[in-house]
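Position 135 (the sequence shown) corresponds to 125 in the working numbering; numbering is contiguous.
Think of the CB as a built atom: it goes at the ideal place given N, C-alpha and C, for glycine as much as any other residue.
Please read all numbers here as calculations on a predicted model, not as lab measurements.
Below is one structure, written out as structure tokens; comments come after it.
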Amino acid sequence: MLAPDNLTRYHAHWVAPDPAVADVVDQYWHVSWNLGDQSVDQRIIDAPAVTLTVEEGDVPAPLVITGVQARAWHRTIHGRGRVFAIRLRPAGLAVLGALSPQRLANTALPLTEELDAGLHALMRGVAAHPTPQARARAADEAIRARLAHHPPSESGLLANRVVDELRSRLHRRTGDSLPAALHVSERTIQRCLRATLARGPRWVGHRIRLQEVVLALTARPDADLATIAADLGFADQSHLAGAFRAACGLSPSAYRRSLEVLING
């Protein structure tokens, strides 16, 4: 989330998935909020992943599926509520449902039985449990059962490996090309990512890097932008600022200033 002046109104935590479902699930997370009578416009930059959510309170729908978003997207939240989310690995969507990543690109849709019966049944079962931990364990159990009958495709597993490799390169200055590191062709990499995320490797790597920028701006308030740019492989500070603004609609400095206001009052 990219609105630091709102973070104190949230409680958020993450639950690790069972290693047995690691080819399908990247992370479980949970967030709750209580804004009273207020409404807050949130600007969100997602991971390059499809996300399934159970939503309660003053929310648009009880079950939602969100595709890979080209830019930061906006959501206005009201009153109080909570969300439990399953962030999928690239291979995960095809294991759990019938929707394509192209159908979901740049959208957040109510997850109904008509939209995808398999995903709806999964999330309805998860929603029946009261706590984030219980929901995570229910998701683990249901996904393990799905995997027994529908394992990930080779293309999906390759897409997982591509994303892992792109993450590992954030702080690396030298190394083999992506095709050489994975022992496949550039065309094969393009094909597996477009089949699972509806995006190519250059875009996916760029989005992963932008998420690291957000983390650095939040966790390293004293680091200058030039240092962050160098640490994360940007050509220079201006390239970082331009990429951040293009994706998020605000500059890194503006984001950091608003964070300082939150911390210092």
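Using a Cβ-Cβ cut-off of 8 Å (strictly less than) and excluding sequence neighbours within five positions of residue i, which residues of its own chain qualify?
i    : result
G255 : Only weak support is given to the placement of G255: the predicted model assigns it a pLDDT of 30, under 50, and the value that follows is read from those uncertain coordinates. For G255, where only same-chain residues beyond five positions count, there are no Cβ hits under 8 Å.
T102 : L53 and H110
Q291 : The structure shown does not extend to residue 291, since the chain is modelled only from -9 to 255, so the question has no answer here.
L207 : I218, P242, Y245, R246 and L249
Would you mind working out which of the options sits nearest residue i, comparing C-alpha positions?
i    : options                   : result
P9   : V40, H3, Y18 and H1       : Y18
A6   : R125, D212 and A213       : R125
G292 : G239, D48, G223 and A39   : The requested residue 292 is not part of the displayed model; the chain covers only -9 to 255.
C182 : I67, L205, G146 and R61   : G146
I55  : S90, L99 and L83          : L99
G108 : G82, P120 and T178        : G82
L320 : A117, S90 and N96         : What is shown of the chain runs -9 to 255, which leaves residue 320 out entirely.
D16  : R65, A75, G71 and T66     : A75
R197 : R235, S167 and R177       : R235
L156 : I133, T178, W193 and D130 : W193
Nearest-angstrom Cα distance between residue i and residue j?
i     : j    : result
V63   : G190 : The identity of residue 63 in the sequence shown is Trp, whereas the question assumes Val. Their Cα atoms are separated by approximately 20 Å.
S175  : N150 : 16 Å
G223  : R199 : 8 Å
M(-9) : A170 : Low per-residue confidence applies at M(-9): pLDDT is 46, beneath 50, and the placement is therefore not dependable, though the value from the model is reported in the following sentence. Using only the alpha carbons, I get a separation of about 35 Å.
L172  : V203 : 26 Å
H119  : W23  : 19 Å
P50   : A117 : 16 Å
D154  : L215 : 26 Å
V152  : Q180 : 10 Å
G195  : D221 : 15 Å
A132  : L148 : 23 Å
A225  : V73  : 37 Å
T121  : G115 : 13 Å
G239  : L94  : 22 Å
A213  : T178 : 39 Å
For residue i, which residues in the same chain have their Cβ closer than 6 Å to its Cβ, ignoring the five residues on either side in sequence?
i    : result
L263 : No answer is possible for residue 263: it lies beyond the span of the chain, which begins at -9 and ends at 255.
P142 : D13, A81 and V85
L42  : I55, I76 and M113
A88  : D106
H140 : V85
S167 : none
Answer with buried or exposed for residue i, where buried requires no fewer than 16 other C-beta atoms within 10 angstroms of its C-beta.
i     : result
W4    : exposed
E144  : exposed
E45   : buried
T217  : exposed
H20   : buried
H161  : exposed
T186  : buried
L205  : exposed
V130  : The sequence shown places Asp at residue 130, rather than the Val named in the question. Classification of D130: buried, given that the 10 Å Cβ count is 16 or more.
L(-3) : Note on L(-3): pLDDT 49, under 50, position unreliable in the model; the coordinate value appears next. Exposed, because fewer than 16 other Cβ atoms sit within 10 Å of the Cβ of L(-3).
Excluding the 5 residues flanking residue i on each side, which residues of the same chain have their C-beta closer than 7 Å to its C-beta?
i    : result
A237 : I35, R61, A62 and L200
R184 : G190
Q59  : D36 and N96
Just confirm the distance between the C-beta atoms of residue i and residue j, as a whole number of angstroms; I'd bet it's less than 8 Å.
i    : j    : result
L86  : R127 : At roughly 17 Å, the Cβ-Cβ gap does not stay under 8 Å, so L86 and R127 are not in contact.
Q266 : A233 : The displayed coordinates of the chain run from -9 to 255. Any statement about residue 266 would go beyond what the structure contains.
Q92  : A188 : 5 Å
L230 : P211 : Rounded, the Cβ-Cβ distance is 16 Å, inconsistent with contact.
S29  : H68  : 5 Å
N96  : G57  : 6 Å
R159 : V11  : Wrong, their Cβ atoms sit about 25 Å apart, outside the cutoff.
Residue i: beta carbon under 7 Å from a heavy atom of the ligand SAH?
i    : result
R197 : As presented, the structure is devoid of all ligands, the ligand SAH included, so that no description of it is given.
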